[in-house]
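Single-structure report; data block below.
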Amino acid sequence: MTLPDPEGRDGPAELSIVLVSTNQRHLLEQYLPTLLALRGEATFEVGVVDNACRDGTADWVVRTYPEVRTIRNAVPRSYAANVNQGIRRLRRGRYVAVMNPDVKCLPGLLSESVGFLDRHPDVGLVGPQLLEPDGSVQLSCRRFSTPLTLVLRGLQLDRVVRAASVDRFLMKDVDHGRSLDVDWVFGAMMIARREAVAAVGGMDERYRVTHWEDEDWCCAMWRGGWRVCYVPAARAVHEHQQAGRRRPFGRMGRAKAINAVRMLVKFRGRLSRTAAGAGRPAS
Numbered sequence: 382m383t384l385p386d387p388e389g390r391d392g393p394a395e396l397s398i399v400l401v402s403t404n405q406r407h408l409l410e411q412y413l414p415t416l417l418a419l420r421g422e423a424t425f426e427v428g429v430v431d432n433a434c435r436d437g438t439a440d441w442v443v444r445t446y447p448e449v450r451t452i453r454n455a456v457p458r459s460y461a462a463n464v465n466q467g468i469r470r471l472r473r474g475r476y477v478a479v480m481n482p483d484v485k486c487l488p489g490l491l492s493e494s495v496g497f498l499d500r501h502p503d504v505g506l507v508g509p510q511l512l513e514p515d516g517s518v519q520l521s522c523r524r525f526s527t528p529l530t531l532v533l534r535g536l537q538l539d540r541v542v543r544a545a546s547v548d549r550f551l552m553k554d555v556d557h558g559r560s561l562d563v564d565w566v567f568g569a570m571m572i573a574r575r576e577a578v579a580a581v582g583g584m585d586e587r588y589r590v591t592h593w594e595d596e597d598w599c600c601a602m603w604r605g606g607w608r609v610c611y612v613p614a615a616r617a618v619h620e621h622q623q624a625g626r627r628r629p630f631g632r633m634g635r636a637k638a639i640n641a642v643r644m645l646v647k648f649r650g651r652l653s654r655t656a657a658g659a660g661r662p663a664s
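According to the numbering used here, the residues represented by the sequence shown are 382 to 664, in order.
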């Protein structure tokens, strides 16, 4: 069923929501309806960036949900470049949401996120609580990476030996049922204040493959004077694929390693000094 756009294409909205598809029509078919079902929670516009898809993503969106904007790329671009393109094209929202096609939206996701940002004008970006398909909580808010945690997790040594540094990175020492100031949140679902995005810029397009642009963007928020918060009252299910973790020496694993080195070189060890009090209850 096609849902009307109550504000019109040019009217104001609370959210501009960007999804990027790289041959992920099957996921959009499954989960895009869960987003559109939340129309009563906030006014929003949705845009799907078709990253040179071969599965007919854009045509399917136009045919099935004509109120959703489509942006077609003739040649593949990086995830960060696609996100930035979507943010530039969708201008109605006070807030900008970046959402993966493999996210199932749950009731309260948008209203709780928007409400938190409205109440905390110094917060530049928030992430919801992400759940596994079985209902367990994903550890989707983190402290910034260190060379040690990158090596331990990149080589999957943390699956063999429990390391305190990895537990700290995963924020296992905090209550994930409370709103928190955090270093960074997963890029599967991020809601940013447009004013903050204008101040710090979009995602760094030098990350050629999807990994670490979310941590990088959150670091830019903190360095620009904006808080990053985890909001568990906003919830979604994330059917994430961890190709790099399954095959650390495969193509995706190598790409993740390159991105990790790029981020560490970019910030020259300053990640850990960027945000103070990660894990502190958000107030």
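Yeah, the Cβ is synthetic: ideal placement off N, Cα and C, and Gly gets one too.
As the structure is a prediction and not an experimental result, all values here were calculated from the model.
Using a Cβ-Cβ cutoff of less than 8 Å, which residues in the same chain neighbour residue i once the five nearest sequence positions on both sides are dropped?
{"i": "D483", "result": "Q405, L408, Y412, A569, H619, E620, H621, Q622"}
{"i": "G660", "result": "R524, M552, D554, V555, L561, D562, V563"}
{"i": "E513", "result": "Q519, V618, H619"}
When burial is assigned at 16 or more other CB atoms within 10 Å of the CB, is residue i buried or exposed?
{"i": "P613", "result": "buried"}
{"i": "S517", "result": "exposed"}
{"i": "E594", "result": "buried"}
{"i": "F630", "result": "Confidence in F630 is poor, its pLDDT being 48 and thus under 50, which makes the residue's placement unreliable; the coordinate value appears in the next sentence. The residue is exposed, with fewer than 16 neighbouring Cβ atoms inside 10 Å."}
{"i": "G467", "result": "buried"}
{"i": "E576", "result": "exposed"}
{"i": "A601", "result": "buried"}
Output needed for residue i: all residues of its chain with C-beta closer than 7 Å, excluding positions within five of it in sequence on either side, in chain order.
{"i": "A423", "result": "E395, L396, L491, S492, V495"}
{"i": "R458", "result": "N432"}
{"i": "R453", "result": "D431, A439"}
Identify, in the order they occur along the chain, each residue of the same chain with its Cβ nearer than 6 Å to the Cβ of residue i, setting aside the five sequence neighbours on each side.
{"i": "Q510", "result": "P613, R616"}
{"i": "G392", "result": "none"}
{"i": "L416", "result": "C486"}
{"i": "T530", "result": "S546, V547, F550"}
{"i": "D386", "result": "The pLDDT assigned to D386 is 41, lower than 50, so where the model puts this residue is not dependable; a value taken from the coordinates is nonetheless given after this. Closer than 6 Å at Cβ, skipping near neighbours: E448."}
In the DSSP assignment, what residue or residues form a beta bridge with residue i?
{"i": "F425", "result": "L396"}
{"i": "W565", "result": "R523"}
{"i": "Y611", "result": "G508, L561"}
{"i": "M571", "result": "V479"}
{"i": "V618", "result": "K485, L512"}
Between the beta-carbon of residue i and the beta-carbon of residue j, is there less than 7 Å?
{"i": "D431", "j": "S402", "result": "yes"}
{"i": "A663", "j": "C610", "result": "yes"}
{"i": "V443", "j": "T451", "result": "yes"}
{"i": "L498", "j": "Y476", "result": "yes"}
{"i": "R608", "j": "V504", "result": "yes"}
{"i": "V399", "j": "V479", "result": "yes"}
{"i": "A462", "j": "E586", "result": "yes"}
{"i": "V581", "j": "G605", "result": "yes"}
{"i": "G508", "j": "L471", "result": "no"}
Open item on the list: Could you tell me which whole beta strand (DSSP E) segments of length 3 or greater appear in the stretch 454-535?
Closed with: Qualifying beta strand (DSSP E) stretches, in chain order: 474-480, 484-486, 504-512.
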